[in-house]
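Asker:
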Amino acid sequence: TVERERLERELRALTGLDARVELLRRIRRAEEELKAAKSLASRVRVADRELLEAVLEACKRRVASAYRLFDYNPRAALEAALTAAEVARAIAEVLEARAPFEVKARA
């Protein structure tokens, strides 16, 4: 995506400690988006809960791999974090859009 390319250019432009700090911030942001999606998922009734939980678990593993790759391959760490964040955002958007209908169904 355009955002991903921009972020990669920024990462290449940063040097030394600044790059490491910025990369850690992005990984942390991905982790926070994942937690928000999990929280939203727990409050909304979803028919395919097992599938949703499997996808969120895969995102969690991608964030963990981003932390592991951080020192050895920053580009791969960034890619892992961005992938997890994108999926978590997409899940959150779908769940937020579905939430009003779930509330009506319970009433």
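Position 1, counted from 1, in the sequence shown is what this note's numbering calls 10; the numbers after and before it change by one each time, with no gaps.
Backbone N, C-alpha and C define an ideal beta-carbon position, used for all residues, glycine too.
Since the structure is predicted, the reported quantities are computational estimates derived from the model, not experimental observations.
#1: For LEU43, I'd like the list of residues in its chain whose CB is within less than 8 Å of its CB, leaving aside the five on either flank, ordered along the chain.
#2: Using a Cβ-Cβ cutoff of less than 6 Å, which residues in the same chain neighbour ILE100 once the five nearest sequence positions on both sides are dropped?
#3: Could you have a look at VAL53 and say whether DSSP puts it in helix, strand or coil?
#4: Let me make sure I understand the geometry here. Which of LEU104, ILE36, GLU105 has the alpha-carbon closest to that of ALA85?
#5: Can you list, in chain order, the residues of its chain with a C-beta nearer than 7 Å to that of ARG52? Leave out the 5 residues immediately preceding and following it.
#6: Spatial neighbours of ARG13 within its chain, please: C-beta separation below 6 Å, excluding the five flanking residues on both sides.
#7: Specify the secondary structure class of ASP27 as computed by DSSP and reduced to three states.
#8: To the nearest angstrom, how far is it from the Cα of LEU33 to the Cα of THR10?
#9: Measure the Cβ-Cβ separation of LEU87 and LEU16 and say whether it is below 9 Å.
#10: Cutting at 6 Å between CB atoms, please list the residues of its own chain near LEU78, excluding the five before and the five after it.
Answerer: So, from the listed chains and residues:
#1: LEU65, CYS68, LYS69, VAL72, ALA93, ALA94, ALA97
#2: ALA46
#3: coil
#4: ILE36
#5: none
#6: LEU91
#7: helix
#8: 21 Å
#9: yes
#10: ALA85, ALA86
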